[in-house]
Amino acid sequence: MNSAWLDIVVRTLLGSTLVMAQAIMLNWLRVPFAAITLFAGIAAYATVAGVTPVIVILFVVTVGFLVLVRPLPRDRYLLLSLASLALARSIAGSLRGYGGELGMATSTTWIAAQVPKSAMPYAIALFLSAFLVLLLLRHSEMGLAVDVARAAGTEMHAASMSPTGILTAIMLALVAVLASLTGAVQGAYTGWIDPNLFRIDYAITLLVATLVIGRMPVRGTLLAMSFFLFPDLFSQFFGYDHTVSAHLREIFWGAAIIFLAGRTGSPVRGEA
Amino acid sequence: MRGAYYLPIALGFALVARHGRYLPLWLPECGMVSSYTAYFLLERADMPALLAVVVALIFGSACALVLHFALFAGHIARNEPFAALLRSIGVIVLLDNVAGLLTGGYSLAFTRFPLPSNHGPIVLGGGILLTVILWAWVNHTREGLGYRSVSANRELAIQYGLQVSRIDFLVVFGGGLLCSLGGLANGIRYGLTAGMMSTTGLKAVAVVVAAGQENLLTVAIGVLLVGILESLCQGSIRFSAFEPGISYGVLAVGLAGRYLLSPWWVRRNMRKRWRADNPVPEVAG
């Protein structure tokens with residue numbers, strides 16, 4: 005397999021991991037969380053800023069999102085999670101020590117930048133971890149508790165049967181860890197960090213993918229992978245420009261969200 | 291002056307958001323539809339400028355009506371704000387990418403529509419005038435009373451015989467027209483890009499959500515202040531990175547004030563009042 009294909013595989017695995025991690029909050033727990041790239045972006049800065057300060061920031065951000073779950077209405081929470089990306093982008097852009105708005109190169113000893121083979125083991129491990137979490141949520145007793153906690157948002161009786169707050173905290177911590185590790189690997193693999201890691205339009209793209217994959221571990225994982233594979237495969241096989249393929253992908257998935265959000269019992273409507 | 295370009299979008303959004311009790315994130319996209327329509331009519335079809343602008347504004351508003359009645363009216367009737375928000379995101383993604391595909395991802399600019407040198411004061415004056423007219427319409431007219439009634443309780447308004455469908459039509463058309471106007475003004479001033487309204491629109495939305503969609507005057511003042519702050523940041527090398535984040539900072543502070551601090555403040559005051567009304571009796575001895 006040549007280097008270009010390995011690069012596609014690494015990017016697909018890392019992107020799919022982020023989507024699956026976000027699905028744990030949004031699809032399983034019904035918390036309208038759309039800022040998975042915030043955790044990934046902050047962790048990517050760990051490749052130049054060091055681990056300890058980044059862990060402290062990630063902890064504060066996680067606690068902040070956790071505290072806001074209950075008081076904020078769901079649409080406001082979603083909007084705030086997107087807004088947090090814009091704020092993070094501004095703050096990252098103002099950090100002159102880390103390249104400001106232009107960003108800076110990263111250098112790590114554990115992954116060589118732009119060398120897919122060095123990032124592959126980490127990408128596979130993270131992807132399998134996310135997949136395992138989804139499988140456990142589907143088939144374990146804890147998964148059942150999460151299902152009850154999700155129902156607690158609308159059903160009074162369900163609220164008394166599951167410790168919603170604790171489950172939300174556990175899941176958010178898990179998601180934060182998964183997303184942070186993925187972000188760190190992404191930062192080390194691309195070899196560059198800049199405030200564009202916190203782009204709102206990328207977060208919206210991931211949100212669309214998250215909504216479509218629903219709560220089916222296997223089907224959802226395959227869908228998430230196809231989402232990231234499509235532009236590259238389409239351009240390789242049909243000679244299309246990569247950007248055009250990405251536009252086509254997002255038109256298709258945007259239409260899917262519009263359709264699914266209006267259908268009773270659909271995965272998206274189920275989140276609403 | 292930058293805030294003046296956000297103003298029509300914020301007003302249109304606030305009008306429709308209050309009416310439907312949801313966040314119509316899709317509405318600013320009508321501004322993009324309107325801008326691109328004006329561009330193709332002016333630059334490609336060589337239509338006279340005034341006619342092209344009028345057709346583009348009507349097309350943008352018609353687009354708002356079609357999207358509202360086809361996709362969002364049901365969510366409003368069933369009171370599903372979150373499902374409507376998700377659908378809004380789907381509409382934004384779809385329209386932005388269709389525009390990106392049609393233009394090959396390139397930015398466009400109006401060449402046959404030169405800006406007058408005093409465009410800033412004109413847009414600012416127009417924006418303030420629009421705010422005052424809209425505020426007066428909502429708060430001091432018979433139609434405005436109908437609008438407020440439907441916004442407050444849709445079911446009750448229907449039972450009392452208000453013409454809800456007519457109000458729906460007027461509000462969405464008005465909101466769409468304002469966003470089309472804002473989109474066109476932004477397009478003429480800053481050029482056309484596929485995601486032009488998703489970024490600008492979100493900034494306006496952030497201020498509306500922070501200020502509260504029912505307070506049109508507060509929304510207008512907030513949007514203008516955000517514009518001033520953005521210009522100040524852009525003018526300073528040290529703070530230029532904060533320019534895109536100002537409106538979202540306002541959103542975060544507004545939401546924290548409304549949903550976190552406000553209940554605490556209310557509870558504290560209620561407790562104080564209760565204690566004043568119910569003094570603890572002194573125990574003898």
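Protein chains in written order, with the numbering used here: chain L, 5 to 276; chain P, 291 to 575. Using N, Cα and C, we set each Cβ at its ideal position, and we do this for glycine too.
Query                                                                                                                                                                       : Result
Quick test of the definition: if touching needs 3 or more C-beta pairs under 8 Å, does the region 112-129 of chain L touch the region 58-78 of chain L?                     : no
Determine which residues of the region 232-248 of chain L have a Cβ less than 9 Å from any Cβ of chain P, and write them out in chain order.                                : D245, T247 and V248
Going straight from the alpha carbon of A156 (chain L) to that of R308 (chain P), what length do you get?                                                                   : 28 Å
Using only alpha-carbon positions, find the residue among L:V248, L:G218, L:A192 and L:R253 that is nearest to A50 (chain L).                                               : L:A192
Excluding five sequence neighbours on each side, which residues of the same chain lie with their C-beta closer than 6 Å to the C-beta of G472 (chain P)?                    : P298, I299 and G321
Quick one: measure Cβ to Cβ for L398 (chain P) and L482 (chain P), integer angstroms, because I've assumed they're closer than 8 Å.                                         : 4 Å
Anyone know if the C-beta pair for L452 (chain P) and V440 (chain P) falls short of 8 Å?                                                                                    : yes
Quick one: is V73 (chain L) near chain P, going by C-beta distance under 8 Å?                                                                                               : no
Would you say A276 (chain L) lies against chain P (beta-carbon separation less than 8 Å)?                                                                                   : Summary for A276 (chain L): the model assigns pLDDT 42, below 50, so the residue's position carries little reliability, and this model does not support an answer.
Determine, using beta-carbon pairs with one atom in the region 526-543 of chain P and one in the region 80-88 of chain L, whether at least three such pairs fall under 8 Å. : yes
Here's the rule: buried if 16 or more other CB atoms are within 10 angstroms of the residue's CB, otherwise exposed. What is S325 (chain P)?                                : buried
Determine the chain L residues that contact L331 (chain P) at a beta-carbon separation under 9 Å, and present them in chain order.                                          : Residues of chain L passing the Cβ test: none, with the nearest at roughly 24 Å.
Quick one: using the 10 Å Cβ neighbour count with 16 as the cut-off for buried, is N443 (chain P) buried or exposed?                                                        : exposed
How would you call M165 (chain L), buried or exposed, if buried means at least 16 neighbouring beta carbons within 10 angstroms?                                            : exposed
Can you give the Cα-Cα distance for G310 (chain P) and G416 (chain P), rounded to whole angstroms?                                                                          : 26 Å
Give the DSSP-derived three-state secondary structure of L17 (chain L) in the structure shown.                                                                              : helix
Taking the alpha-carbon positions, what's the L178 (chain L) to G103 (chain L) distance?                                                                                    : 30 Å
Going along the region 95-107 of chain L in order, which residues come within less than 7 Å of chain P, judged by CB to CB distance?                                        : G97, S98, G104 and E105
At 7 Å on the CB atoms, spell out the chain P contacts of R93 (chain L), in chain order.                                                                                    : P534 and G535
Which partner residues of W196 (chain L) appear in the DSSP bridge assignment?                                                                                              : L:A109
Secondary structure at L398 (chain P), three-state DSSP: helix, strand or coil?                                                                                             : strand
For a cutoff of 8 Å on Cβ pairs, would you count T268 (chain L) as touching chain P?                                                                                        : With a pLDDT of only 47 at T268 (chain L), under 50, the local geometry of the prediction cannot be trusted, and the value read off the model is given with reservation. Taking Cβ atoms only, chain P never reaches closer than 8 Å to T268 (chain L), which makes this a no.
Mind checking the region 341-358 of chain P against chain L and listing, in chain order, the residues whose C-beta falls within less than 9 Å of any C-beta there?          : none
Would you call the region 361-380 of chain P in contact with the region 210-217 of chain L, where contact means no fewer than 3 C-beta pairs closer than 8 Å?               : yes
How would you label K493 (chain P), buried or exposed, when you count the other beta carbons within 10 angstroms and need 16 or more for buried?                            : buried
Specify the secondary structure class of L317 (chain P) as computed by DSSP and reduced to three states.                                                                    : coil
List the residues that DSSP assigns as beta-bridge partners of L482 (chain P).                                                                                              : P:L398
Would P318 (chain P) count as contacting chain C if we go by Cβ distances under 8 Å?                                                                                        : In the structure shown, chain C does not exist; the protein chains are L and P.
Taking only beta-carbon atoms, is P271 (chain L) less than 8 Å away from chain P?                                                                                           : Only weak support is given to the placement of P271 (chain L): the predicted model assigns it a pLDDT of 48, under 50, and the value that follows is read from those uncertain coordinates. Closer than 8 Å: no.
Given this structure, state the Cα-to-Cα distance separating G436 (chain P) from S455 (chain P), to the nearest angstrom.                                                   : 11 Å
Using the Cβ count rule (16 or more neighbours within 10 Å means buried), how would you classify N369 (chain P)?                                                            : exposed
Could you tell me how far apart the beta carbons of L138 (chain L) and M229 (chain L) are, in whole angstroms, since I believe they sit closer than 8 Å?                    : No, L138 (chain L) and M229 (chain L) are not in contact; Cβ-Cβ is about 13 Å, not under 8 Å.
List the residues of chain P whose Cβ lies closer than 7 Å to the Cβ of E254 (chain L), in chain order.                                                                     : V383 and N387
Cutting at 8 Å between CB atoms, please list the residues of its own chain near L106 (chain L), excluding the five before and the five after it.                            : D198
List, from N- to C-terminal side, the alpha helix (DSSP H) runs of 4 residues or more that fit wholly inside the region 165-250 of chain L.                                 : 168-194, 204-217 and 221-242
Under 8 Å, with one C-beta from each stretch per pair, do the region 323-339 of chain P and the region 347-355 of chain P reach the 3-pair mark?                            : yes
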